[in-house]
Amino acid sequence: MTAGHTVELADARPDSVDEAVGFVTGMLGRAVEKGRTSAEDAAAAAERLVPLRSPLAPGGGVDLVVEAVLEDLAVKTELFTGLEKVLPASAVFATNTSSLSVTRIAAGLADPTRLAGLHFFNPVPLMRIAEVIPGAATRPAVVPFLVDLVEKSGHRAVVVADTPGFLVNHAGRGLITEALALLEEDVADAAGIDRIARDVLGLRMGPFELTDLTGLDVTASVIDTVWKGFRHSERLRPSYLTPNRVAAGLHGRKTGRGFYDYGPDAPGTPAEPPVTGDASRPVHVPGDADAHDVRRALRAVGAVLDEGARPGERAVVLVPVWGTTVAAAVAELGLPAGRTLGVDPLSLDTRRRVLAMTPACDTDAVRDARAVLARSGDAPMPVSVSVVRDTAGSVAQRLLASIVSVAASIAERAIAAPTDIDLAVTTGLGYPHGPLAWGDRTGAARMLALHRALYGTTGDPRYRPTRWVTERAQLGLPLTEAGAAPPHAAV
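The C-terminal residue of the sequence shown carries number 543 in this note's numbering, and the numbering is unbroken.
Right, dumping it as structure tokens:
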């Protein structure tokens with residue numbers, strides 16, 4: 053409409069049409085008040101919005117129908133079969149489904165070649181991305197037609213194969229399924245995982261804050277749909293935590309309680325415990341490579357380093373872990389279990405450093421190691437320190453590994469092009485980097501080492517390295533590059 057198209061608006065409930073026209077007119081008025089458009093352009097756009105009394109009103113000049121009714125296969129099919137009888141054969145049909153198979157919807161039509169998916173995200177004016185999804189029978193000309201329409205309307209378009217969750221909902225499973233696994237294993241509580249996701253990985257919202265915003269009932273449904281659609285892929289395996297929480301009505305903000313409490317009487321997020329340990333206690337850092345970075349970070353804040361070949365009697369031991377556990381390092385290197393903790397290398401240069409403690413840790417050692425890592429030196433802002441349960445790779449590594457791995461599995465299946473995967477995720481999910489570009493920032497070889505270490509340490513097939521990451525690490529190619537492909541390749 054604002055892009056110059058005449059838009060006819062219909063709904064099974066006529067009052068909804070009137071409400072929608074009033075809402076759009078109000079938005080145009082506010083745009084004029086804020087100087088984003090002229091009064092003349094707003095008036096012209098409003099004239100191009102035409103209310104209809106019935107969704108099945110005849111329309112000889114209609115080029116495109118965009119459907120956004122109930123997420124029910126029978127309801128959508130019934131609407132489109134009715135539209136086939138009153139609209140010209142040249143009219144393209146687009147379904148705004150977020151979870152149903154485009155091919156199955158089209159299969160109910162006399163002419164399934166005219167239908168494709170066109171999935172916008174709410175709120176549409178702010179979420180300037182749309183997925184264009186051809187079904188198995190969609191005629192080739194429909195896809196460029198929809199891409200052109202989307203981009204001329206000021207949005208970005210990504211072309212996605214007709215697969216469960218399409219692109220954005222599928223890619224988003226990497227973060228939330230791994231966050232739920234960490235919570236399930238009691239590695240940290242929801243607030244602790246969210247803090248690490250924000251402060252170490254740079255996400256605008258932690259996974260549990262985001263789930264409370266969108267609704268756990270919605271999130272759980274998407275998780276199950278994608279998992280079942282990919283034939284119970286271990287990489288997408290849901291947590292046992294969600295069904296009971298959904299059944300209990302703990303859906304998030306809309307029910308007043310989710311992973312957090314909401315409302316005027318809500319207690320708020322618990323404060324982190326104060327730092328009380330001895331920040332001058334010596335620290336021993338065994339190993340090379342990552343250990344060098346830990347020593348550099350500690351020297352930068354004036355920490356006292358124990359430089360001996362073996363840890364001194366008073367020294368706390370900080371082991372950098374990359375896909376492995378502190379417990380394994382204690383056993384392999386013969387370290388003192390009571391005063392050995394892990395530190396996540398990903399957290400060293402962020403505003404939150406992450407310590408991992410084993411069941412054998414001495415309370416004083418944990419307290420003092422936290423105080424040492426909380427030293428900020430000349431940094432402009434204080435450094436926070438999270439203490440989590442020892443697990444392979446710690447929290448941030450597991451979240452990042454899953455984000456990259458799920459995106460890589462999308463790329464290797466040719467569900468979408470690598471550039472479209474990153475564009476859709478940064479635009480649709482607000483991540484600081486596209487998942488494949490994020491993997492490149494870490495390095496393909498280092499990401500592969502992380503995936504292999506997680507898989508080898510846990511034996512869990514959810515961490516099995518993808519072909520996409522493995523090949524690119526071996527060939528020296530970036531994760532964002534599709535590279536050469538045989539002639540049959542679709543993407």
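Note that beta-carbon positions come from the ideal geometry of N, C-alpha and C, so glycine has one too.
Reference residue i, options the options, closest by Cα
i: residue 315; options: 254, 374, 305 and 506; result: 305
i: residue 415; options: 434, 399, 396 and 389; result: 389
i: residue 364; options: 391, 376, 384 and 339; result: 391
i: residue 35; options: 60, 146, 69 and 441; result: Nothing about residue 35 can be reported from this structure: the residues present for the chain run from 53 to 543 only.
i: residue 345; options: 328, 395 and 381; result: 395
i: residue 104; options: 72, 92, 130 and 89; result: 72
i: residue 235; options: 450, 540, 537 and 517; result: 450
i: residue 158; options: 499, 186 and 356; result: 186
i: residue 521; options: 478, 453, 262 and 63; result: 453
i: residue 207; options: 476, 514 and 523; result: 476
i: residue 166; options: 436, 149, 132 and 181; result: 132
i: residue 310; options: 327, 485, 102 and 261; result: 261
i: residue 508; options: 423, 538 and 374; result: 374
i: residue 579; options: 135, 160, 229 and 55; result: In the structure displayed, the chain extends from 53 to 543; residue 579 sits before or after that span and is not available.
i: residue 140; options: 113, 134 and 188; result: 113
i: residue 233; options: 417, 514 and 322; result: 514
i: residue 419; options: 352, 383, 485 and 331; result: 331
i: residue 342; options: 399, 181, 366 and 427; result: 399
i: residue 422; options: 327, 504 and 360; result: 327
i: residue 134; options: 117, 123 and 148; result: 117
Residues bridged to residue i (per DSSP)
i: residue 225; result: The partner list for residue 225 (beta bridge, DSSP) is empty, contrary to what the question assumes.
i: residue 491; result: Beta-bridge pairing links residue 491 to no other residue.
i: residue 439; result: 407
i: residue 117; result: 145
i: residue 60; result: 102
i: residue 357; result: 335
Cα-Cα separation between residue i and residue j, rounded to whole angstroms
i: residue 301; j: residue 138; result: 43 Å
i: residue 273; j: residue 218; result: 14 Å
i: residue 529; j: residue 463; result: 14 Å
i: residue 532; j: residue 95; result: 44 Å
i: residue 156; j: residue 125; result: 8 Å
i: residue 483; j: residue 474; result: 9 Å
i: residue 446; j: residue 506; result: 10 Å
i: residue 465; j: residue 490; result: 19 Å
i: residue 142; j: residue 115; result: 7 Å
i: residue 334; j: residue 412; result: 20 Å
i: residue 241; j: residue 456; result: 23 Å
i: residue 177; j: residue 67; result: 23 Å
i: residue 472; j: residue 401; result: 30 Å
i: residue 295; j: residue 128; result: 27 Å
i: residue 467; j: residue 501; result: 25 Å
i: residue 371; j: residue 337; result: 6 Å
i: residue 543; j: residue 458; result: With a pLDDT of only 49 at residue 543, under 50, the local geometry of the prediction cannot be trusted, and no value is derived from it.
i: residue 183; j: residue 308; result: 32 Å
i: residue 480; j: residue 179; result: 6 Å
i: residue 470; j: residue 488; result: 7 Å
i: residue 205; j: residue 58; result: 13 Å
i: residue 517; j: residue 286; result: 12 Å
i: residue 362; j: residue 319; result: 46 Å
i: residue 535; j: residue 448; result: 29 Å
i: residue 119; j: residue 77; result: 21 Å
i: residue 243; j: residue 98; result: 46 Å
i: residue 245; j: residue 299; result: 23 Å
i: residue 386; j: residue 378; result: 12 Å
i: residue 350; j: residue 324; result: 22 Å
i: residue 89; j: residue 108; result: 33 Å
i: residue 427; j: residue 347; result: 13 Å
i: residue 357; j: residue 397; result: 17 Å
i: residue 313; j: residue 429; result: 36 Å
i: residue 150; j: residue 189; result: 19 Å
i: residue 229; j: residue 303; result: 16 Å
Interface flag, residue i vs chain D, CB-CB below 8 Å
i: residue 427; result: Structure shown: chain D not included; a single protein chain is present.
Check: residue i C-beta below 7 Å from any heavy atom of the ligand FAD
i: residue 172; result: Although the ligand FAD was asked about, the structure shown includes no ligands whatsoever.
Q.
Give the list of continuous alpha helix (DSSP H) stretches no shorter than 4 residues that lie fully inside the region 268 to 338.
A. 268 to 281 and 293 to 299
Q | Inside the region 137 to 210 only - alpha helix (DSSP H) runs reaching at least 4 residues | A | 154 to 159 and 194 to 204
Q) Is the region 269 to 281 touching the region 225 to 243 in the sense that three or more CB pairs, one from each, lie closer than 8 Å? A) yes
Q: Kindly confirm or deny that the region 287 to 301 and the region 251 to 259 touch, where touching means at least three C-beta pairs closer than 8 Å.
A: no
Q: Evaluate contact between the region 162 to 182 and the region 201 to 210, counting only Cβ atoms and requiring at least three cross-stretch pairs below 8 Å.
A: yes
Q: Please list the segments of the beta strand (DSSP E) lying wholly inside the region 359 to 432, counting only runs of 3 or more residues, in order along the chain.
A: 368 to 372, 392 to 395 and 404 to 409
Q) Are the region 493 to 509 and the region 190 to 198 in contact at 8 Å, needing three or more beta carbon pairs? A) no
Q: List in chain order: all unbroken alpha helix (DSSP H) runs of 4+ residues lying wholly within the region 485 to 532.
A: 487 to 494, 496 to 510 and 519 to 527
Q. Touching or not, the region 229 to 248 and the region 208 to 218, by the rule of three or more beta carbon pairs under 8 Å?
A. no
Q.
For the region 433 to 441 against the region 401 to 410, do three or more pairs of beta-carbon atoms, one drawn from each stretch, fall closer than 8 Å, so that the two count as touching?
A. yes
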